[in-house]
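Quick note on my numbering: the sequence shown kicks off at 453 and runs consecutively.
Reviewing the structure listed below.
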Amino acid sequence: MARHPVSNRLRRRIPPLCVWGALISSLLAVPAFGAQEVAEVLISTKLEATTALGLLISQDGVQQVTNTEITTSEDGGLIVAVPYDEDKVLPGTLVTAMVFGKSGAFALGAMRELPAKGAGPIPAEMPLCPEEAVGPELSRALTSIQKLVEIRQKLVETNRSRVASLLNEELLNKLKKLERGFGLKYEQELNPHMDPFLLINRLTRVLNALKTYSFFKPNEEED
């Protein structure tokens, strides 16, 4: 018997698994840090932030925290909730956060020390102490943050270029046909320059739809 015609058409549209892996791995962030407590970091900015990165700074270096949440403060600024595991942070660890916009612009929040173990969540608040000269340890921490920002910006640019090269016109057309075929409708047309989180969501939904279809499709016999 001939192969199922719908399956044949669908098979020609399905990108290789290696392409799926490369696309999604290029978009995924660094693994999240374990969490038991939450520190809120206030960022005085009007930037329309799409993502946030928490930073835990200690004598061992800078720890990135990606599973953050962004909310708006009463004065129109941003508050970033940075989760952390109080059993894994050293005494004197500082916390801050960065937010990033779609264009690549970013803003850095106030830096504060994490409380002693068992003190509970740290609400966001403006610093109450007057400005003073930055000490050598804090200066080194700020230098580490600046280097981290530069590395992250280069990584973002590299991954954007990689995604754009993988999502060529032919593959984009196949993915758009798959979205229409599975009834996945969106206001924004699929493109390599859209927000990374939206792009991951769109690609993942198509991939899950393909897996579901493959599981339930009729048995096929060879010619």
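We treat Cβ as the ideally placed atom computed from N, Cα and C, and that holds for glycine.
Problem - Three CB pairs or more closer than 8 Å across the stretch 518–526 and the stretch 560–569 - result: Contact fails: fewer than three Cβ-Cβ distances are below 8 Å.
Exercise for the section: Ignoring anything shorter than 4 residues or poking outside the stretch 585–670, list the alpha helix (DSSP H) runs there in chain order. Expected result: Entirely contained in the stretch 585–670, the alpha helix (DSSP H) runs reaching 4 residues are, in chain order, 588–618, 621–633 and 648–668.
Exercise for the section: Tell me, to the nearest whole angstrom, how far the beta carbon of Val-551 is from that of Val-534; I am working on the premise that it is less than 8 Å. Expected result: 12 Å between Cβ atoms; not a contact.
Exercise for the section: From the DSSP output, in three-state form, read off Leu-508 for me. Expected result: In this structure, Leu-508 counts as strand in the three-state DSSP scheme.
Exercise for the section: Report buried or exposed for Ile-686, applying the criterion of at least 16 other Cβ atoms within 10 angstroms of its Cβ. Expected result: Beyond the ends of the chain as shown, which are 453 and 675, falls residue 686; an answer cannot be given.
Exercise for the section: Confirm, please, whether the CB-CB distance from Gly-506 to Val-541 is below 8 Å. Expected result: No. Outside cutoff.
Exercise for the section: Assign Gly-529 to one of three DSSP states: helix, strand, or coil. Expected result: Gly-529: coil per DSSP, three-state reduction.
Exercise for the section: Give me the Cα-Cα distance between Ala-620 and Asn-643, rounded to the nearest whole angstrom. Expected result: The residue you asked about is not Ala; residue 620 is Asn in the sequence shown. Their backbone Cα atoms lie some 9 Å apart in a straight line.
Practice task
Determine the contact status of Leu-530 and Thr-497, defining contact as a CB-CB distance below 8 Å.
Solution key: Yes, they are a contact pair.
Problem - CB contact flag (Ser-596, Gly-513, <8 Å) - result: For Ser-596 and Gly-513, yes; Cβs fall inside 8 Å.
Practice task
Below 8 Å on the Cβ atoms is my guess for Leu-624 versus Val-658; work out the distance and round it to an integer in Å.
Solution key: At roughly 12 Å, the Cβ-Cβ gap does not stay under 8 Å, so Leu-624 and Val-658 are not in contact.
Problem - Distance cut-off 7 Å: Val-493 Cβ against heavy atoms of the ligand FMN - result: The ligand FMN is not among the ligands present in this structure, which contains no ligands whatsoever.
Practice task
Take the Cβ of Gly-528 as the centre, count every other Cβ of all protein chains shown within 10 Å, and call the residue buried at 16 or more, exposed below.
Solution key: Exposed, since its Cβ has fewer than 16 Cβ neighbours within 10 Å.
Problem - For Val-493, the residue or residues it bridges with in DSSP - result: DSSP lists Val-532 as partners of Val-493.
Handout entry: Those residues which DSSP pairs with Gly-513 across a bridge
Key = According to DSSP, residue pairing for Gly-513 in a beta bridge involves Ser-510.
Problem - Residue closest to Leu-651, alpha-carbon to alpha-carbon, out of Thr-664, Lys-606, Leu-627 and Lys-663 - result: Closest by alpha carbon: Leu-627.
Exercise for the section: Determine the burial state of Gly-561: buried for a count of at least 16 other Cβ atoms within 10 Å of its Cβ, exposed for fewer. Expected result: Counting C-beta atoms within 10 angstroms of its own C-beta, Gly-561 has 16 or more neighbours from the protein chains shown and is therefore classed as buried.
Handout entry: Contacts around Ala-491, its chain only, beta-carbon distance under 7 Å, and the 5 residues preceding and following it disregarded
Key = Closer than 7 Å at Cβ, skipping near neighbours: Val-534, Tyr-536, Val-547, Leu-566 and Ile-574.
Problem - Residue of Glu-631, His-645 and Gln-515 minimising C-alpha distance to Leu-662 - result: If we check each option's Cα against that of Leu-662, Glu-631 comes out closest.
Practice task
Report the three-state DSSP secondary structure of Glu-565 (helix, strand or coil).
Solution key: Here Glu-565 sits in strand by DSSP.
Problem - Through-space distance from Asn-660 to Phe-667, alpha-carbon basis - result: In this structure, the alpha-carbon of Phe-667 lies about 11 Å from that of Asn-660.
Practice task
Rounded to whole angstroms, what's the CA-CA distance from Leu-618 to Arg-612? Just pull it up for me.
Solution key: Rounded to whole angstroms, the gap between the alpha carbons of Leu-618 and Arg-612 is 10 Å.
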